[in-house]
Structure formats: structure tokens, C-alpha cells
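Asker: I have a structure here, written as C-alpha cells, and I will follow up with some questions on it.
There are 2 protein chains.
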Amino acid sequence: MAYDQLYLSHQFCFPLYAASKAVTRQYIPLLKETGLTYTQYIAMLALYEHGSMDVQDLGKILYLDSGTLSPLLKKLEAAGYIEKTRGEDARFVTVEVTEKGFELREKLSKIPSSVACCIPLKKEEAIAMIEGCKKILEALE
Amino acid sequence: MAYDQLYLSHQFCFPLYAASKAVTRQYIPLLKETGLTYTQYIAMLALYEHGSMDVQDLGKILYLDSGTLSPLLKKLEAAGYIEKTRGEDARFVTVEVTEKGFELREKLSKIPSSVACCIPLKKEEAIAMIEGCKKILEALE
DNA sequence: TTCATATAAATTGCATACAATCTAATTGGC
DNA sequence: GCCAATTAGATTGTATGCAATTTATATGAA
């Protein structure tokens, strides 16, 4: 067929796009009791792991820009999980996890295993996929 | 460390989420001249490949619900690429590609190869990732 | 010093995603 | 035939994503 290359099943992008959404959806019910969304969850993970940082650095870690992060951080601040402070150079905003934010970590720590057990992949398969994703990110970002 | 399992780098979800967004972003400049978004693009591909169908079947193929598809199809219809008609059972809406929609296919047919050449994976790696994604979709949908 | 340039974050505008609800139409039990 | 239960799609509300613009601040060359 002349338009073979347009078959959804021949596209690399589509399974990735659909699977990513499917995995993300698994988090929604688990995060419900914390009131966090998936994006807010990964933002908290980045802050736990790397400590305080400015919005730009957080954006580099999460591959998100200020258009996404600004309103998201405002919500996390309103919920009391983070604090934002202008630095000496007042252009920068430092984001810091609060006491309440660290308390949240206990609840969040149970989530990864709940999701992992729904993913029907062997360890090597999962590792291969993660490596593939990392190669893509290095090449495209 | 007590919270190892919360490291972003230990999460399966995050590389998948970030890589999927990175790949999708590659389409944006390529689709710009057609006026389509990425989601509109995959909707057109599904319709080219499977022919006319109702909204529900399209949603099953794309893993999208009517909340996403209704406004999206409205835009594709306004652009003249599809037509929506109520069937004999007036609850169903049949979506059909128009003449103009089929003309668009020529332009779209050049896009997959442009994206593919930016993906730094060997053929076997890409196939393994697609297989992994399909397993996830089967398990979670 | 002064003002053009550059930079970080916030805001704006548009298009998803998706849960929840609503509306219109159909079907099934009686 | 009548009406409760179902079903398909549309709508509503909230939260991203991201490009483009704006705002506030800092820097650097004349």
C-alpha cells in the first residue's frame, strides 16, 4: 500500500504515547488520598532527591518549562508541601520542601511498588525500555 | 537510604513519560504547516487506516474518551478534514474522512521518516520498546 | 552612570487528558 | 405501549503541556 508508513501500528510514537498515558493513569487512584496529581508527584520526587533548587533546574530534571511549573508549584505551595523564596538575585525562585512536604513522603513511598506490580514486564525488559527512553531523551533534549 | 524507591531514576513511569513527550514534541514543527496537532494527526491516521467508524471505536483505537475526542473532532470537522453524521441509531456519530482529508495524507506521509531519523535506536531496540509498550497496554487497558 | 541587552519566572492562549455529569436516544421488562 | 435502565456522545471542570509574551531584575558596554 502506498501509505504504509502512516499506519498507526507502524509508528514508533504511538505505542509510547499510549503506554505512557496508561502508566500515568495507574497513579491517579493511588495519589488520590494525597491530593497530588501525577505531575505534582514527580515534582515532589525530584525535590526529595535533589534538595532545594530553582525553578529552572527543576524544569531541566522534569523536562518541563515555567509555563507548566509556575502554576503547579503554586498549587504545591498552597497545599503546604513546598515553599518558594526569591534569592539574592531576585530573578531566581528557590523551591524547598516543607516539614509537611517531608511527612508526605511516607505515604508516597508505598506507591511505586503498587504500580510496579501492574507492569507485566520482566526485569530485563523493563530495564531495556528505560535505557531506550534515556537514549531518546539524550538525543532529543 | 530509606526512600530509595522514590528516586525518579528508579521509577519506571518517568523515563516513559519524558521520552513520550520528547517524541511527541518532534512532530509539532513538522505538523505546523498542516495546522494539525499531534493528537489530531494520530486521529487522522486511525481513520485512514480503519476507514469510517463511530466515536467510540476511534476512542478504543486511540485510548481516548469522548471528553477528548468530541472537541478534537469538532476542530477536524471545522478544518474540513472529516465529516460527522448521525446514524440510523441516532446515538452514534460516524466519522468519515473527506476528500480534503485524503489530500492531506500526501503531506502527512513524509512525516514518519523525518521523525524516525531523530530516534537514536537500533531497529531491534525500537522493536523491543514497541513490544514492551504493547504488553503494558494489553495489561492496563 | 545609563540604557540596551539578557535572564528567570510568571502569565496568556490554545489544545489536550480525563473524571464526572448531562442530554438525547434506544432498549427491555412489564 | 410505557417507563426505568442503558448507552453514545457532548459538556463541564480541573490540571497539565508548551509556545509566545510579559514582568521584574541583573548585567554590561559606552
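So the sequence lines, in the order shown, correspond to chains Z and D. Okay, so the first sequence: first residue is 32 according to this note's numbering, each after it adds one. Okay, so the second sequence: first residue is 32 according to this note's numbering, each after it adds one. Each residue gets a CB set at the ideal place from its N, CA and C atoms; glycine is no exception. All values derive from a computational prediction rather than experimental measurement.
1. Under 7 Å between beta-carbons, which chain Z residues line up against residue 51 (chain D)? List them in chain order, please.
2. Could you give the C-beta distance for residue 61 (chain D) and residue 150 (chain D), rounded to a whole number, given that I count them as a contact under 8 Å?
3. Near residue 47 (chain Z), which residues of its chain fall below 7 Å by C-beta distance, leaving aside the five closest residues on each side in sequence?
4. Show which residues of chain Z have a CB atom less than 9 Å away from the CB atom of residue 30 (chain D).
5. Which of the residues in the stretch 123–144 of chain D, read from start to end, lie with their CB under 8 Å from any CB of chain Z?
6. Using DSSP with H/G/I as helix, E/B as strand and the rest coil, what is residue 59 (chain Z)?
7. Please confirm whether residue 166 (chain Z) has its beta-carbon closer than 8 Å to some beta-carbon of chain D.
8. 8 Å is my cut-off, CB to CB: does residue 118 (chain Z) come that close to chain D?
9. Is there a Cβ from chain Z that is less than 8 Å from the Cβ of residue 198 (chain D)?
10. Does the stretch 37–51 of chain Z come close enough to the stretch 50–68 of chain D that 3 or more CB-CB pairs lie under 8 Å?
11. Please confirm whether residue 86 (chain D) has its beta-carbon closer than 8 Å to some beta-carbon of chain Z.
12. With DSSP as the reference, please indicate the residues paired to residue 113 (chain Z) in a beta bridge.
13. Quick one: is residue 94 (chain D) near chain Z, going by C-beta distance under 8 Å?
14. For residue 118 (chain Z), tell me which candidate among Z:86, Z:103, Z:161 and Z:38 has the shortest Cα-Cα distance.
15. If you measure from the beta carbon of residue 163 (chain D) to each beta carbon in chain Z, is any gap under 8 Å?
16. CB-CB under 8 Å to residue 146 (chain D), same chain, minus the five flanking residues each way: which ones, in chain order?
17. From the DSSP output, which residues share a beta bridge with residue 85 (chain Z)?
18. Using a C-beta to C-beta distance shorter than 9 Å, which residues of chain D count as neighbours of residue 148 (chain Z)?
19. Between the alpha carbons of residue 116 (chain D) and residue 122 (chain D), how many angstroms are there, rounded?
20. What does residue 121 (chain D) touch in chain Z if you count any residue whose Cβ is under 8 Å from its own?
21. For residue 151 (chain Z), go through chain D and note every residue whose CB falls closer than 8 Å to its CB, in chain order.
22. Taking the straight line between their C-alpha atoms, what separation do you get for residue 68 (chain D) and residue 40 (chain Z)?
23. For residue 168 (chain D) and residue 98 (chain Z), I'd like the C-alpha separation in whole angstroms.
24. Name, please, each residue of chain Z whose Cβ falls closer than 7 Å to the Cβ of residue 57 (chain D).
Answerer: In brief:
1. Taking a Cβ-Cβ cut-off of 7 Å, the neighbours of residue 51 (chain D) in chain Z comprise 47, 48 and 51, given in sequence order.
2. Not a contact, Cβ separation roughly 14 Å.
3. Cβ neighbours of residue 47 (chain Z) beyond the five flanking positions: none.
4. The requested residue 30 (chain D) does not occur in the structure, where chain D is confined to residues 32 to 172.
5. Under the 8 Å Cβ criterion, the stretch 123–144 of chain D contributes 136, 139, 140, 143 and 144.
6. Under the three-state reduction of DSSP, residue 59 (chain Z) is assigned to helix.
7. Under the Cβ distance rule, residue 166 (chain Z) counts among the residues neighbouring chain D, one pair being separated by less than 8 Å.
8. Not an interface residue.
9. Here chain D has residues from 32 to 172 only, and residue 198 (chain D) is not among them.
10. The stretch 50–68 of chain D vs the stretch 37–51 of chain Z: in contact.
11. Judged by the 8 Å Cβ criterion, residue 86 (chain D) is not in contact with chain Z.
12. BP columns for residue 113 (chain Z) point to Z:128.
13. Chain Z contact via Cβ: present.
14. Among Z:86, Z:103, Z:161 and Z:38, the Cα nearest to that of residue 118 (chain Z) belongs to Z:86.
15. Contacts with chain Z at 8 Å (Cβ-Cβ) include residue 163 (chain D).
16. So the list reads 54, 57, 58 and 61, once near-sequence residues are dropped.
17. Z:125.
18. Under the 9 Å cutoff, chain D gives no residues; its nearest Cβ is about 11 Å from residue 148 (chain Z).
19. One C-alpha to the other measures close to 10 Å.
20. Going along chain Z, no residue has its Cβ under 8 Å from residue 121 (chain D), so there is no contact; the nearest lies around 29 Å.
21. Listed along chain D, the residues sitting closer than 8 Å to residue 151 (chain Z) by beta-carbon distance are 166, 167, 169 and 170.
22. Taking C-alpha positions only, residue 68 (chain D) is separated from residue 40 (chain Z) by approximately 19 Å.
23. Taking the straight line from one Cα to the other gives about 30 Å.
24. Going along chain Z in sequence order, the residues near residue 57 (chain D) (Cβ under 7 Å) are 171.
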